[in-house]
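A.B. asks:
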Amino acid sequence: MTRSNDELDRLRSGRSELENHYIDELVTGNLSRREFLRRGSTIGMSAPLLGAILAACGASSPATSSSSKSGSSTTSAPATKGGMLRIAIAAPAAAVNPLSVSDAGGLCMLNQTGEFLIFDSNLKLALEPMLALSWSPNKDASVWTFKLRPGVTFHNGQAMTSADVVYTFQQLADPKNASNALSTFTGVLLPSGVKALDPMTVEFTLEAPNGNFPYLVSSDNYNAIIVPKGTDFSKWQSTFIGTGAFKLGSYTQNVGATFVPNPSYWGTKPLLSMTSFKFYTSQPPMILALEGGDVDVVGQFVPAGASGLLNNSSYKIIKLQSANHRELSMRNDQAPFTDPRVRQAVAYTLNRPAMVAGLLSGDGSVANDTPFGPRFPSTDTSVPQRVQNISLAKQLLSAAGHPNGFSVKLDTEQFEEIPQLATVIAQDAKAAGINIALNVESQSLYYGKSTFGNSDWLDGTMSLVDYGDRGVPNVFLEAPLTSGGPWNAARFHNKTYDSLVKQYVAAVDLATQRKIAGQIERLLLQETPIIIPYWIDGLTASTPNVSGLNPTSIAQLYLNGASKSA
Amino acid sequence: MITFILKRIGLALITLWLLSVIVFLLGQILPGDPGRAILGPLAAPSAVAALDHQLGVDRSLPGQYWHWISSFPGTSYTYQTAIGPILTSALGRSLKLAVLAGIIVVPLGILAGVIAALNVGRPLDKIISIGGGSTTVIPEFVSGIILLVVVGVALKWLPITATAPAGSSFLTTVKYLIMPAIPLVLVLFGYIARMARAGTVEALDSDYARTATLKGLPRGVMIRRHVLRNSLLPTITVVATQTGYLIGGLVVVETLFRYQGIGQLTYQAATQKDFPMLEACVLTIGVVYMAVTIAADVLFSLLDPRIRLKAGQ
Chain A
1 MTRSNDELDR LRSGRSELEN HYIDELVTGN LSRREFLRRG STIGMSAPLL GAILAACGAS
61 SPATSSSSKS GSSTTSAPAT KGGMLRIAIA APAAAVNPLS VSDAGGLCML NQTGEFLIFD
121 SNLKLALEPM LALSWSPNKD ASVWTFKLRP GVTFHNGQAM TSADVVYTFQ QLADPKNASN
181 ALSTFTGVLL PSGVKALDPM TVEFTLEAPN GNFPYLVSSD NYNAIIVPKG TDFSKWQSTF
241 IGTGAFKLGS YTQNVGATFV PNPSYWGTKP LLSMTSFKFY TSQPPMILAL EGGDVDVVGQ
301 FVPAGASGLL NNSSYKIIKL QSANHRELSM RNDQAPFTDP RVRQAVAYTL NRPAMVAGLL
361 SGDGSVANDT PFGPRFPSTD TSVPQRVQNI SLAKQLLSAA GHPNGFSVKL DTEQFEEIPQ
421 LATVIAQDAK AAGINIALNV ESQSLYYGKS TFGNSDWLDG TMSLVDYGDR GVPNVFLEAP
481 LTSGGPWNAA RFHNKTYDSL VKQYVAAVDL ATQRKIAGQI ERLLLQETPI IIPYWIDGLT
541 ASTPNVSGLN PTSIAQLYLN GASKSA
Chain B
1001 MITFILKRIG LALITLWLLS VIVFLLGQIL PGDPGRAILG PLAAPSAVAA LDHQLGVDRS
1061 LPGQYWHWIS SFPGTSYTYQ TAIGPILTSA LGRSLKLAVL AGIIVVPLGI LAGVIAALNV
1121 GRPLDKIISI GGGSTTVIPE FVSGIILLVV VGVALKWLPI TATAPAGSSF LTTVKYLIMP
1181 AIPLVLVLFG YIARMARAGT VEALDSDYAR TATLKGLPRG VMIRRHVLRN SLLPTITVVA
1241 TQTGYLIGGL VVVETLFRYQ GIGQLTYQAA TQKDFPMLEA CVLTIGVVYM AVTIAADVLF
1301 SLLDPRIRLK AGQ
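From first to last, the protein sequence lines are chains A and B. The letter at position 418 of the first sequence is residue 418 when you use the numbering used here, and the numbering goes up by one with no holes. The letter at position 3 of the second sequence is residue 1003 when you use the numbering used here, and the numbering goes up by one with no holes.
1. Provide the residue(s) that pair with VAL465/A in DSSP beta bridges, ordered along the chain.
2. Go through its chain and collect everything with a Cβ distance to ASP140/A's Cβ below 6 Å, but skip five positions before and after it.
3. Is DSSP giving ILE434/A helix, strand or coil here?
4. Would you list, in sequence order, the uninterrupted alpha helix (DSSP H) runs of no fewer than 4 residues that lie entirely inside the region 1194-1222 of chain B?
5. Residue ranges of each beta strand (DSSP E) run of no fewer than 3 residues wholly in the region 1269-1301 of chain B, ordered along the chain?
6. Taking the straight line between their C-alpha atoms, what separation do you get for ASP363/A and PRO303/A?
7. Measure the beta-carbon distance from TRP1068/B to GLY1074/B and round it to whole angstroms, keeping in mind my assumption that it falls under 8 Å.
8. Give me the residue from ALA306/A, GLU128/A, LEU99/A and ARG149/A with the minimum Cα distance to ALA181/A.
9. Which residues, taken in chain order from the region 95-106 of chain A, show a beta carbon closer than 7 Å to some beta carbon of chain B?
10. Name the two residues that bound the continuous beta strand (DSSP E) containing SER136/A.
11. Tell me, please, whether the CB atom of LYS1096/B is closer than 8 Å to any CB atom in chain A?
12. Quick one: residues in its chain with C-beta nearer than 6 Å to the C-beta of SER1094/B, no 5 flanking neighbours on either side, listed in chain order?
13. Could you tell me which of THR268/A, GLY471/A, LEU360/A and LYS124/A sits nearest to GLU416/A, measuring between CA atoms?
14. Closer than 8 Å, Cβ to Cβ, to anything on chain B: give me those residues from the region 294-305 of chain A, in chain order.
15. Pairs of beta-carbons, one from the region 1187-1201 of chain B and one from the region 1087-1105 of chain B, closer than 8 Å: are there three or more?
16. What in chain A is Cβ-close to TYR1079/B, meaning under 7 Å?
17. When you compare only the Cα positions, how much space is there between MET1222/B and ALA1198/B?
18. How about LEU172/A and ARG386/A: are their beta carbons less than 8 Å apart?
19. Note down the Cα distance separating GLY1216/B from LEU1204/B, rounded to an integer number of angstroms.
20. Relative to chain A, which residues along the region 1031-1055 of chain B have a C-beta separation below 8 Å, given in chain order?
21. The beta strand (DSSP E) spanning PHE154/A covers which residue range?
22. With which residues is PRO551/A paired in a DSSP beta bridge?
23. Going along chain A in order, which residues have a C-beta closer than 9 Å to the C-beta of VAL1106/B?
24. Is there a Cβ of chain B sitting closer than 8 Å to that of PRO544/A, yes or no?
25. Using a beta-carbon distance cut-off of less than 8 Å, what residues from the region 172-195 of chain A approach chain B?
26. Quick one: residues in its chain with C-beta nearer than 8 Å to the C-beta of LEU11/A, no 5 flanking neighbours on either side, listed in chain order?
27. Go through its chain and collect everything with a Cβ distance to TYR222/A's Cβ below 8 Å, but skip five positions before and after it.
28. Of all Cβ atoms in chain A, is any one closer than 8 Å to the Cβ of GLY1152/B?
29. Output, in chain order, the set of chain B residues within a Cβ distance shorter than 8 Å of TYR447/A.
30. Counting Cβ pairs closer than 8 Å, one from the region 148-161 of chain A and one from the region 237-253 of chain A, do we hit at least three?
31. Taking contact to mean 3 or more Cβ pairs, one atom from each stretch, closer than 8 Å, check whether the region 1048-1064 of chain B and the region 1280-1287 of chain B are in contact.
32. Would you grab the beta carbon distance between ALA1240/B and VAL1292/B for me? Rounded to a whole angstrom, and I think it's under 8 Å.
33. Taking the C-alpha atoms as reference points, what is the distance between PHE246/A and PHE116/A?
34. Using a Cβ-Cβ cut-off of 6 Å (strictly less than) and excluding sequence neighbours within five positions of GLN607/A, which residues of its own chain qualify?
35. In chain order, which beta strand (DSSP E) runs of at least 3 residues are fully inside the region 238-289 of chain A?
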């Protein structure tokens, strides 16, 4: 790496303390290129500035986190103008209402015409300006200021201003609304905390300092597309009004949707002349449709049942690192899991590499029973990975007074590979004398009312649940593990942990975040309230003549740069 | 005859009302609530409560039922839009598929049954009986997947989905529906052929058939005039009772072939606890089923004068 100190000094001048801190971390090698991009973009450093700093440090173009089994979709085929792209996605489970959407199909529809303040790019692993040009925190990250992109218009011709942004976030954060984003904003942002400083500036005053707040208003928070002030969300489905590169052609409930280019789009105009989404209610017909030539792209799929596609080199597969995972909770307040040694013993019985190979066809990575993993730069990678050790598991069980093991029931849901995972967990645990009886339920039965006392998910002695991808681990750290966490199925109550999480959420600089992450990881390994066996990659497939797809690991699909050759 | 039909319609209306009450009460047993189903398991309880209030599902049970009756068919909880258009387009699609399957399987099944009966005990009879029995037990998801993989993906003879592009001609629509109709034909063929065979064998063995033969009627005329009229009666009943399945029971076929029919719609409404949609779907299937049953009764009476006489008495 050849470094240009003069250039670096020039770039440093006028930068904030925090920005200079990240540059120091990059120069000393404490921050990798990828992590520098990610952290720098979080505190609002622009892409050209980040690129110039990297260049001054002798590093080249930004890294990408995607890998492709048979050629990268973003590079291979030459871009062609025109044509219709046909995409298979999961049918939206309910009305496409930006306030209430909570499913993969619905959120993929939102991002076809709607845009966010910030785009969290999985391909580049960095935040990119979308409707906000820049953003910056105050000293303790309790107030964030966003400068909006000028010259943006909605599909009805109306100019986008701070009034629209304020309206959108006040609706999303209003506890009186049926807003899905409340699971993100509760305890973080109140409607009164959003205000317009001028027509192009919005200020968010948070309930508590939050170093990762830009992620919460980015495309990660899939409900947060900016809509015109006064929009009736329940009727949004009839217009799909937004600021995006595509606008609504037609939408037919349960059947499909078409979108056409928005001629007054602020950014690069789309290459395609139309996109046509076809809705499916299960995965096998989607894959058959791609193989049968009925669609060009499968928006998002899971490895279970897709081996034919994954092993066929004539399709392009885009693989995204994701924080999508499964979580096995053990009731810390119920025998036999009141003793942490028993919980550790269960964790030591698992053969994680075999699970990743067998259940995920290798499209994932092993996890270490904490919400920190490869998706998050703040993860302390020096914490040793837990590996299968049956004799240690037996020793721990003996020490805890269960030399002959014990029997327990595991409640779980009928969803993707989860029933198979539950079976593998039961088989692995049997080696240490633990007999796990499985109770696999439909999702509605398993989740119940999703409140304590009314849900097998939250009340089961052992319970195995799915968690979707997030750009930052905040939700995974808080909801299922803090003392007041609404999804604390393990009933884990630990004051040290609660305080560490509070510090982690407030921390702005990466070094502090990583230091606290290490402490959290070690504490969770010691206590093992939950087991996270693996991380699951996000997968998108297409025919070879499609290029420029930009999927995210939460099932969004950006088609601004997509093209299809003949 | 008119009195007979009016009586049947009156009974059908009472049955439909009872059906609506049963579905409403059974729907309460289903786990979860509409707000939770729409917002997902991880939504904040306050958001779920707000949505449940908006939808009116926090009202008393009689209150909910009365609200539904008074605004029938009403608005879907899940899709937040009027039920009428969604339901009619789904019913239209289901009817197209059912009619196509019916047009193929009814004549085919009856023909095969009659041929088997005329060849009782011979190899042809055994082939038809065993073949029909075998296709009936193949579940639609098995035959459907095999068809998709072989005919759709490998040979590329027929489109892989059942939904023809908007504005397609009649023939294109039929082409898209052939593959999804085949699993239904396979399931129903055995039933219909078996009933037609049994009815024909019985009729052939009857006194009136023997009399007709003895008085010198040619075999073809005897079968057409005397045997078929009687042997088809149980077959009509079978066909009529399968209507409910053909209209509302095709969830698997609709899923496999991406066809948004009323079966899928009913299933989704039940899983999402979308009560107005569920009621509307079940009642629609009920109406179609009863209409077909009444039509079958009328046909029955036309074929069998004894029934006409009884109704007239």
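All C-beta atoms in this analysis are idealised placements derived from N, C-alpha and C, irrespective of residue type, glycine included.
C.D. replies: Taking the coordinates as given:
1. DSSP lists GLU327/A as partners of VAL465/A.
2. Once the five neighbours on either side are set aside, the close Cβ partners of ASP140/A are PRO209.
3. Reduced to three states, the DSSP call for ILE434/A is strand.
4. Taking only runs of at least 4 residues, the alpha helix (DSSP H) segments lying wholly in the region 1194-1222 of chain B are 1207-1214 and 1219-1222.
5. Within the region 1269-1301 of chain B, no complete beta strand (DSSP E) run reaches 3 residues.
6. The alpha-carbon atoms of ASP363/A and PRO303/A are separated by roughly 7 Å.
7. A Cβ-Cβ distance of about 6 Å is found for the pair TRP1068/B and GLY1074/B, placing them in contact under the 8 Å criterion.
8. The shortest C-alpha separation from ALA181/A is found at LEU99/A.
9. Result list: ALA95, ASN97, SER100, SER102 and ASP103.
10. Residues 132-137.
11. Chain A places no beta carbon closer than 8 Å to that of LYS1096/B, leaving this residue out of the contacts.
12. Once the five neighbours on either side are set aside, the close Cβ partners of SER1094/B are ILE1247, GLY1261 and ILE1262.
13. Out of THR268/A, GLY471/A, LEU360/A and LYS124/A, LEU360/A has the C-alpha closest to the C-alpha of GLU416/A.
14. Listed in sequence order: ASP294.
15. Judged by Cβ distances under 8 Å, the region 1187-1201 of chain B makes contact with the region 1087-1105 of chain B, as three or more pairs qualify.
16. Residues of chain A with a Cβ closer than 7 Å to the Cβ of TYR1079/B are, in chain order, ALA94, ALA95 and GLN253.
17. Whole-angstrom Cα-Cα distance: 17 Å.
18. Taking 8 Å as the Cβ cut-off, LEU172/A and ARG386/A do not qualify as a contacting pair.
19. Looking at the backbone, the Cα of GLY1216/B and that of LEU1204/B are separated by about 15 Å.
20. Listed by position, the residues of the region 1031-1055 of chain B near chain A (Cβ gap below 8 Å) are PRO1031, GLY1032, ASP1033, GLY1035, ARG1036, ALA1037, ILE1038, LEU1039, GLY1040, PRO1041, LEU1042, ALA1043, ALA1044, PRO1045, SER1046, ALA1047, VAL1048, ALA1050, LEU1051 and GLN1054.
21. According to the DSSP assignment, PHE154/A belongs to no beta strand (DSSP E), since it is labelled neither H nor E.
22. Bridge partners of PRO551/A: LEU557/A.
23. Result: empty, since nearest Cβ-Cβ is about 28 Å, beyond 9 Å.
24. Not one chain B Cβ lies under 8 Å of PRO544/A.
25. For the region 172-195 of chain A, residues whose beta-carbon sits nearer than 8 Å to a beta-carbon of chain B comprise PRO175, LYS176, ASN177, ALA178, SER179, ASN180, LEU182, SER183 and THR186.
26. These residues qualify, in order along the chain: ILE23, LEU49, ALA52, ILE53 and ALA56.
27. Closer than 8 Å at the Cβ level, and outside the excluded window around TYR222/A, lie VAL101, LEU107, LEU110, ASN111, ILE554 and GLN556.
28. Taking Cβ atoms only, chain A reaches closer than 8 Å to GLY1152/B, which makes this a yes.
29. What TYR447/A touches in chain B: GLY1032, ARG1036 and PRO1041.
30. With the rule of 3 Cβ pairs closer than 8 Å, the region 148-161 of chain A counts as touching the region 237-253 of chain A.
31. Touching, no.
32. Indeed, because the Cβ distance is near 5 Å, the residues count as touching under 8 Å.
33. Between the alpha carbons of PHE246/A and PHE116/A lies a gap of roughly 14 Å.
34. In the structure as shown, chain A begins at 1 and stops at 566. Residue 607/A is therefore absent and cannot be evaluated.
35. Look at the region 238-289 of chain A and you find these whole runs of beta strand (DSSP E), each 3 residues long or longer: 246-252, 256-261 and 274-280.
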